[in-house]
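First up is the structure itself, then whatever we jot down about it.
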Amino acid sequence: MGLVETEAIILRSYRLAEADKIVIGLTKGAGVVRGVAHGARRLKSKYGASLEPFTHVALQFYEKEGRELVSLRQVEILKSYFALAQNTEAVHALEYWSELVLEFAPPHEPNEKLFRMVKACVEALGEEPARIEACARYFEVWMLKLAGFLPDLRACAVCGRSFTEGESVYVNLEQRLRCAICSKRAGEEWSGQALTRMRMIRRLGPLEFAGANLDKESAVSQEMARITQRLIARALERTPRGQASFILAASEK
Ligand SMILES: [Zn+2]
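For the working numbering, add 737 to where a residue sits in the sequence shown, where the first one is 1.
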C-alpha cells in the first residue's frame, strides 16, 4: 500500500468525466492495475502520449487498502509504439491480448512472467508488424501456459510415453493429449507439426518463433490457430470478443 513504482504496459484507456482518464495497465510488480489519471484529457496534460495503448512506461501510483482504482502520480515513457497504434490489425491484436490478460490474470496479482511475455510480444509486433499471426499464436500459447490451461504437450496423458517428433495426438474432452493406441484415435486430432510448433513457443522468443514460421497461410498455421483459440474458448467458457474481430481482420487480407 502507499506509493508504488513499477514498469507497465498500457493496455487500455478510456474517458472518465470531463478531464480524466481511466487507464488499465499490466505492471511488472503489481499485476493488472486500473488507475485514474487526473487531468489526462486536458490539452496540456502532464501525461502527454504516455497513456496510449502499447506504451511501455515507468509508473508511479498510490494504492489504498480496499480500493480497486489506484491514483496515478507519474507516468514516464520508456518506449512508445506510435506506428502500431496506427495499424488496425495491430490494434485489434492488442485489444484481443488485453482481453485475455484481463480474463486470465486477477487484478493486483503480481506476475512478472506474464509482464515479460506481454512486453516481448508488443516489442516483437513493433519490430515486425507483418508477423502478427505468429505473435498472436505465441501470445495465446503462453497465456494458456501461465494461466494453467495448457495441456502437457510432451507425453501421453494415459501411458506417459513421450511423443516422438511428428506424431499425431488425440485430445479428449478434458484437453488431455493421448497417443493413438491409448485414445484408439478417438477425440480431436492434432498433427505432429502443430504440436512441434506449440512446443517451440515454450523455448523461443516471439521473434525467433515468428522467424521460423513464416508460412502463415499454411494448413499447419491454420490448424494451430484453431487449436489455441479452441483451448482459450474452453478455458474461458466463451469465445473472447477480440478473437472474432482479430480473426476477421486477419482473413480480410
Ligand atoms: Zn498412450
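C-beta: ideal position from N, C-alpha, C; glycine also.
A quick note: this is a predicted structure, and the numbers were derived from the prediction, not measured.
Cβ-Cβ separation, G929 to G948 (assumed contact under 8 Å), whole Å: One-based indexing of the sequence shown puts residue 948 at position 211. One-based indexing of the sequence shown puts residue 929 at position 192. The Cβ separation is near 21 Å, so there is no contact.
- prompt: For E813, which option in K921, A917, S955, A745 has the closest C-alpha, if you only look at C-alpha atoms?
  reply: Residue mapping note: residue 813 aligns to position 76 of the sequence shown, counting from 1. It is A745 whose Cα lies nearest to the Cα of E813.
field: Under 7 Å between C-beta atoms of S750 and L806
entry: Here residue 750 refers to the residue found at position 13 when the sequence shown is read from its first residue. Here residue 806 refers to the residue found at position 69 when the sequence shown is read from its first residue. Between S750 and L806, the C-beta spacing is not below 7 Å.
field: Pick from Y818, A962, L740 that is closest to V794, judged by C-alpha positions
entry: As a position in the sequence shown, residue 794 is number 57, starting the count at 1. Distances from the CA of V794 to each of Y818, A962, L740 were compared; the closest alpha carbon is that of Y818.
Local conformation of H793 per DSSP, three classes: The residue given as residue 793 occupies position 56 in the sequence shown. Here H793 carries a strand assignment [DSSP, helix/strand/coil].
query: Should S808 and L748 be called a contact, given that it needs their Cβ atoms to be closer than 7 Å?
result: Start at 1 with the first residue of the sequence shown, and residue 808 comes out as number 71. Start at 1 with the first residue of the sequence shown, and residue 748 comes out as number 11. No; because the gap between Cβ atoms is not below 7 Å, this pair is not in contact.
- request: Using a threshold of 7 Å, state whether the C-beta atoms of F886 and A756 are closer than that.
  value: In the sequence shown, residue 886 corresponds to position 149, counting from 1. In the sequence shown, residue 756 corresponds to position 19, counting from 1. For the pair F886 and A756, the CB atoms are not nearer than the 7 Å cut-off.
message: Between V895 and ligand 1, is there a pair consisting of the residue's CB and a ligand heavy atom that are separated by less than 6 Å?
response: Start at 1 with the first residue of the sequence shown, and residue 895 comes out as number 158. Within the cutoff, so yes.
task: Would you check if the distance between the CB atom of M961 and the CB atom of A917 is smaller than 7 Å?
output: As a first step, residue 961 must be located in the sequence shown, where it is residue number 224. As a first step, residue 917 must be located in the sequence shown, where it is residue number 180. No.
message: I want to check one thing, is the minimum distance from the CB of C916 to the heavy atoms of ligand 1 below 6 Å?
response: Taking the first residue of the sequence shown as position 1, residue 916 is located at position 179. Set against 6 Å, the gap from the CB of C916 to the closest heavy atom of ligand 1 is smaller.
- prompt: Within this structure, are the beta carbons of G739 and P847 separated by less than 7 Å?
  reply: For the purposes of this step, residue 739 is taken as residue 2 along the sequence shown, with counting starting at 1. For the purposes of this step, residue 847 is taken as residue 110 along the sequence shown, with counting starting at 1. Result no, Cβ atoms of G739 and P847 do not sit closer than 7 Å.
field: Option in I969, W879, L914, S958 with minimal Cα separation from R939
entry: Position 202 of the sequence shown, counting from 1, holds the residue named residue 939. Nearest of I969, W879, L914, S958 to R939, Cα basis: W879.
Own chain residues within Cβ distance below 8 Å of V828, not counting five before or after: In the sequence shown, the residue the question calls residue 828 occupies position 91. Around V828, the same chain offers P790, L821, A822 as residues with beta carbons nearer than 8 Å, after the five sequence neighbours per side are excluded.
- prompt: Mapping DSSP to helix, strand and coil, what is Q811?
  reply: Locating residue 811 in the sequence shown gives position 74, where the first residue counts as 1. In the structure shown, Q811 sits in a strand (DSSP, three-state: E or B).
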